[in-house]
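Written out below as structure tokens is the structure these notes cover.
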Amino acid sequence: MGKASALTFSLIMVKQFPKANHVNSTWHSDAQIFFHANLSVREVREENMSSWKAIIAPKKKLHGIDDELQKLLDANMDDVAARRRARAAFKGIQLSIDHILFKTPSNGLKIEESYDVNSRGLSIFSKSWIPVTVRPKAMVCYCHGYGDTCTFFFEGIARKFALLGYSVFAMDYPGFGLSEGLHGFIPNFDRIVDDVIEHYSKVKENPAFSALPSFLFGQSLGGAVALKIHLKQPRSWGGAVLVAPMCKISDDMIPPWGVSQVLIGASKFLPKYKLVPQKDLAEAAFRDLKYREMTTYNVIAYKHKPRLQTAVEMLRTTQELERRLREVSLPILILHGEADTVTDPSVSKALYEKSSSTDRKLILYEEAWHSLLEGEPDEIIVQADTLKLDIIASVYGSINLTWFG
1 MGKASALTFS
11 LIMVKQFPKA
21 NHVNSTWHSD
31 AQIFFHANLS
41 VREVREENMS
51 SWKAIIAPKK
61 KLHGIDDELQ
71 KLLDANMDDV
81 AARRRARAAF
91 KGIQLSIDHI
101 LFKTPSNGLK
111 IEESYDVNSR
121 GLSIFSKSWI
131 PVTVRPKAMV
141 CYCHGYGDTC
151 TFFFEGIARK
161 FALLGYSVFA
171 MDYPGFGLSE
181 GLHGFIPNFD
191 RIVDDVIEHY
201 SKVKENPAFS
211 ALPSFLFGQS
221 LGGAVALKIH
231 LKQPRSWGGA
241 VLVAPMCKIS
251 DDMIPPWGVS
261 QVLIGASKFL
271 PKYKLVPQKD
281 LAEAAFRDLK
291 YREMTTYNVI
301 AYKHKPRLQT
311 AVEMLRTTQE
321 LERRLREVSL
331 PILILHGEAD
341 TVTDPSVSKA
351 LYEKSSSTDR
361 KLILYEEAWH
371 SLLEGEPDEI
381 IVQADTLKLD
391 IIASVYGSIN
401 LTWFG
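Residue numbers 1 to 405, in the UniProt record's numbering, belong to the letters of the sequence shown in order.
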């Protein structure tokens, strides 16, 4: 059976799944949009995708901006040049929005941005926040979440860490934020992990930081990246802070089994297409309505439906991590909202219970959603954010994590 006919058969098969009670109606209606009875590879061509893009692409509207800025916002963000132009134009606007994180001062910090070409020939964006008035205690290396960038909400988080005496480093993964690559496309999750390892290894080799203890800080998908880094480099990191780590995607965010199986099959033929049914991430992740609306200002975030191969890679990675929780041996702090419907807090509990680490702590926030450090009411953000990491490296090289309010 040829590729076109095989895909046509796979897509038709979804019509056999009835609208059963256990199938979320959102998934079912999205599936009907995607699984047209006579769809074939030949029919899914870029020049014929305008109506599909209208369905898939969310509308992005910001109040009070002129036509030139709106034109940048409406550009095709698949191209990294468009993302970089948009971010340059909106940088000042982003830092002026009324969010508690953006009220953190930058006095006493050396903040730098750079672009470097990695071993795969990709231009990678990175940023650092270095305290200049005190000697740094340690270095914190950040792994951002799905669709995100280190240039928006993390700006405030990084400043807080740096003002506490930590050298903070962050990067955008290939295909995300300001780094080169097709927007939102993860052809292979391990390849992204290797890119992050390569970048932070160079940072750690810098004589200015090589003597410092080094820690990973991962949010959501970045939690999965951090854990995979540790599993590849079990002796290279002093500890990790994991916020709502993507050890398992919540069942509420995954299409029904039948739809998932067809999507997995379709990913072999249409890996880059934005065809995976998904609920609105901002609505699922941000409990505070005011802060949820502010996500619109994250103009280079990937806000479309997941690309087929990206979704497959995230699912495969979470399944692997669930199997390997006992191999996690580094000191860890896990923060998770108990009402998170994006990543499953029960697996954070399992990570805490099964991890072989002798230095671990789990903090669950009652009623809190997924975006624990950005999307909760201020009192929750402050409570989570003021858990200050006191990294004590003894003369014997042992490291303890002490948490205090």
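Note that beta-carbon positions come from the ideal geometry of N, C-alpha and C, so glycine has one too.
### Query
How many whole angstroms separate the CB atoms of Val225 and Val193, which I take to be in contact at a CB cut-off of 8 Å?
Within the sequence shown, numbered from 1, the residue matching residue 225 stands at position 225. Within the sequence shown, numbered from 1, the residue matching residue 193 stands at position 193. Between Val193 and Val225 the Cβ distance is about 6 Å, and since that is below 8 Å, they are a contact.
### Coil, strand or helix - Leu178 by DSSP
For the purposes of this step, residue 178 is taken as the residue at position 178 of the sequence shown. Look at Leu178 here: in three-state DSSP terms it is coil, with no helix or strand label.
### Task
Starting from Glu112, follow the alpha helix (DSSP H) in both directions and report where the run begins and ends.
Within the sequence shown, residue 112 is the residue found at index 112, counting from 1. Segment 109-117 is the beta strand (DSSP E) holding Glu112; no alpha helix (DSSP H) there.
### Query
Hey, how far is the Cα of Ala82 from the Cα of Gly181?
For the purposes of this step, residue 82 is taken as residue 82 along the sequence shown, with counting starting at 1. For the purposes of this step, residue 181 is taken as residue 181 along the sequence shown, with counting starting at 1. Going from the Cα of Ala82 to the Cα of Gly181 covers about 12 Å.
### Message
Classify Ser51: buried if its beta carbon has 16 or more other beta carbons within 10 angstroms, exposed otherwise.
### Response
For the purposes of this step, residue 51 is identified with residue 51 of the sequence shown, where counting begins at 1. For Ser51, the predicted model reports a pLDDT of 32, less than 50, meaning its position is unreliable; a value from the coordinates is still stated below. So Ser51 counts as exposed.
### Query
Under a Cβ-count criterion, where at least 16 other Cβ atoms within 10 Å of its own Cβ denotes burial, should Ser356 be classed as buried or exposed?
Here residue 356 is taken as the residue at index 356 of the sequence shown, counted from 1. Here Ser356 is exposed: its Cβ has fewer than 16 other Cβ atoms, across all protein chains shown, within 10 Å.
### Cut-off 7 Å between Cβ atoms - residues of its own chain near Ser114, not counting five sequence neighbours on either side
Counting from 1 along the sequence shown, the entry for residue 114 is found at position 114. Once the five neighbours on either side are set aside, the close Cβ partners of Ser114 are Ser126.
### Cβ distance (whole Å) where Met139 is taken to contact Phe209 below 8 Å
Along the sequence shown, one-based indexing puts residue 139 at 139. Along the sequence shown, one-based indexing puts residue 209 at 209. Indeed, because the Cβ distance is near 5 Å, the residues count as touching under 8 Å.
### Alpha carbon of His336 to alpha carbon of Gly375, nearest angstrom
Taking the first residue of the sequence shown as 1, we reach residue 336 at position 336. Taking the first residue of the sequence shown as 1, we reach residue 375 at position 375. The straight-line gap from Cα to Cα measures roughly 13 Å.
### Task
Could you tell me which uninterrupted beta strand (DSSP E) segments, each at least 3 residues in length, are contained entirely in the segment 349-381, listed from first to last along the chain?
Secondary structure remark: continuous beta strand (DSSP E) runs of at least 3 residues inside the segment 349-381, in chain order: 360-365.
### Message
Counting C-beta neighbours from all protein chains within 10 Å, is the total for Ala284 16 or more, i.e. buried, or is it exposed?
### Response
By one-based count along the sequence shown, residue 284 stands at place 284. Flag for Ala284 reads buried.
#### Entry: Spatially closest choice to Val241 from His144, Glu366, Val342, by CA coordinates
Working through the sequence shown from its first residue, we reach residue 241 at position 241. It is His144 whose Cα lies nearest to the Cα of Val241.
### Message
Out of Asp74, Gln219, Phe269, Leu164, which one is the CA nearest neighbour of Phe153?
### Response
Working through the sequence shown from its first residue, we reach residue 153 at position 153. With distances taken between Cα atoms, Phe153 lies closest to Gln219.
### Query
Alpha carbon to alpha carbon, what distance is there between Gln319 and Ile249?
Reading the sequence shown from its first residue, position 249 is the one you call residue 249. Reading the sequence shown from its first residue, position 319 is the one you call residue 319. One C-alpha to the other measures close to 9 Å.
### Task
Examine the Cβ distances between the segment 330-344 and the segment 305-312 and report whether three or more of them are shorter than 8 Å.
Contact between the segment 330-344 and the segment 305-312 is absent, because fewer than three Cβ pairs lie under 8 Å.
### Query
Can you tell which of Cys150, Cys247, Val312 has its C-alpha closest to the C-alpha of Tyr273?
Numbered from 1 along the sequence shown, position 273 holds the residue referred to as residue 273. Out of Cys150, Cys247, Val312, Val312 has the C-alpha closest to the C-alpha of Tyr273.
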